[in-house]
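All the letters of the sequence shown, read from the start, carry residue numbers 104 to 345 under my numbering. Quick reminder that beta carbons are idealized off the backbone N, C-alpha and C, glycines included. If you're wondering where the values come from, they're calculated on a predicted model, not measured in any experiment. Encoded as structure tokens, the structure appears first; notes follow it.
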Amino acid sequence: MLKQIKEDVTTVFDRDPAARNVFEVLVAYPGLHALFLYRVAHFLWKKGEKTLARILSNICRIITGIEIHPGATIGKRFFIDHGMGVVIGETAEIGDDVLLYQGVVLGGTSMAKKKRHPTIGNNVVIGAGAIVLGAIEIGDGVKIGAGSVVVKSVPACATVVGVPGRIVGEKRKEKIDLDHNKLPDPIADALRLIIEHQQKIEERLQTIENMEGLKYRIDEYFEQKKREIAKIFPVNSKTEVR
Numbered sequence: 104m105l106k107q108i109k110e111d112v113t114t115v116f117d118r119d120p121a122a123r124n125v126f127e128v129l130v131a132y133p134g135l136h137a138l139f140l141y142r143v144a145h146f147l148w149k150k151g152e153k154t155l156a157r158i159l160s161n162i163c164r165i166i167t168g169i170e171i172h173p174g175a176t177i178g179k180r181f182f183i184d185h186g187m188g189v190v191i192g193e194t195a196e197i198g199d200d201v202l203l204y205q206g207v208v209l210g211g212t213s214m215a216k217k218k219r220h221p222t223i224g225n226n227v228v229i230g231a232g233a234i235v236l237g238a239i240e241i242g243d244g245v246k247i248g249a250g251s252v253v254v255k256s257v258p259a260c261a262t263v264v265g266v267p268g269r270i271v272g273e274k275r276k277e278k279i280d281l282d283h284n285k286l287p288d289p290i291a292d293a294l295r296l297i298i299e300h301q302q303k304i305e306e307r308l309q310t311i312e313n314m315e316g317l318k319y320r321i322d323e324y325f326e327q328k329k330r331e332i333a334k335i336f337p338v339n340s341k342t343e344v345r
């Protein structure tokens, strides 16, 4: 048990640059407190003391704001950063070196008494407010962006963003990092493509109008709005937006 506690404390220093000393980590990290209480509750659950385990789990929720069902399976070097609002269901399985941020939910989608919560691989990062639902598998090295809702299995080393979650970008190396703010934005990419395509169409129409000697009355309000949008979603075309 002491070896496990030491490893849990060391994990905090590895994952949180704000951690300064062991005393601070032991008394001021609710994610660590929740993990300690979970391990005791899980031990009781496996010994058949399920009611006592659930009571301890509920005490943990009251104290830390983190709800981990004692029936869940959690691997080594697990860390919950901040932690408020984290929910981990009964049949959830979590591998080694997994990092969760506040508000993450590993939830179920079935009333049947069977496997109904996610299985999370090793070296997975799940961003703040992300929700992973159902008996799906999240592969090793996956990164799930903040606020995403994942309802389908994800292959190893993929990055998932959006509602519902979509796999975006290229596969990355299987490692833990804190760059969960550096994620692709497929909606923004789609809007950039539409803007760029529209701009090319306008350029072609302008060429035809010039050849035919036609004059087009410019809608200043529309052009102003277009410039504002183009600043947010800059296009790749070399031609400036009018």
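| query | result |
| --- | --- |
| Taking DSSP as the reference, what is the three-state secondary structure of F325? | helix |
| What residues match up with E240 in a beta bridge as DSSP calls it? | T222 |
| Taking the straight line between their C-alpha atoms, what separation do you get for R295 and R123? | 43 Å |
| The ligand GDP and I297: does the residue's C-beta get closer than 7 Å to at least one heavy atom of that ligand? | Looking for the ligand GDP in the displayed structure turns up nothing, as the structure carries no ligands at all. |
| Any idea which residues DSSP pairs F126 with across the strands? | Bridge partners of F126: none, in fact. |
| By the 10 Å Cβ neighbour count, where 16 or more other Cβ atoms means buried, how is S213 classified, buried or exposed? | exposed |
| Report all residues from its chain with a CB closer than 7 Å to the CB of E152; omit the five preceding and five following residues, and keep chain order. | none |
| Work out the CA separation of K329 and R118 for me, nearest whole Å. | 43 Å |
| Have a look at F182, P133, I177 and I183 and flag the residue whose alpha-carbon is nearest the alpha-carbon of I162. | P133 |
| Expressed to the nearest angstrom, what Euclidean distance is found between the alpha-carbon atoms of I332 and I223? | 39 Å |
| Of the choices K255, Y204, H185 and R164, whose alpha-carbon is the least far from that of G232? | Y204 |
| Use the C-beta contact count for I304: other C-beta atoms within 10 angstroms, 16 or more gives buried, fewer gives exposed. | exposed |
| By Cβ distance below 6 Å, which residues in the same chain neighbour A144 in space, the five residues on each side in sequence not counted? | A156, L159, S160 and P173 |
| I need the straight-line Cα distance from H185 to H136, nearest angstrom please. | 11 Å |
| Should L236 and V264 be called a contact, given that it needs their Cβ atoms to be closer than 8 Å? | no |
| Suppose you measure from the CA of D292 to the CA of K106; what does that come to, to the nearest Å? | 48 Å |
| So, for Q327: in the same chain, excluding its five sequence neighbours on each side, which residues have a beta-carbon less than 6 Å away from its beta-carbon? | none |
| Can you check DSSP and say which residues form a bridge with L147? | None, per the DSSP bridge assignment. |
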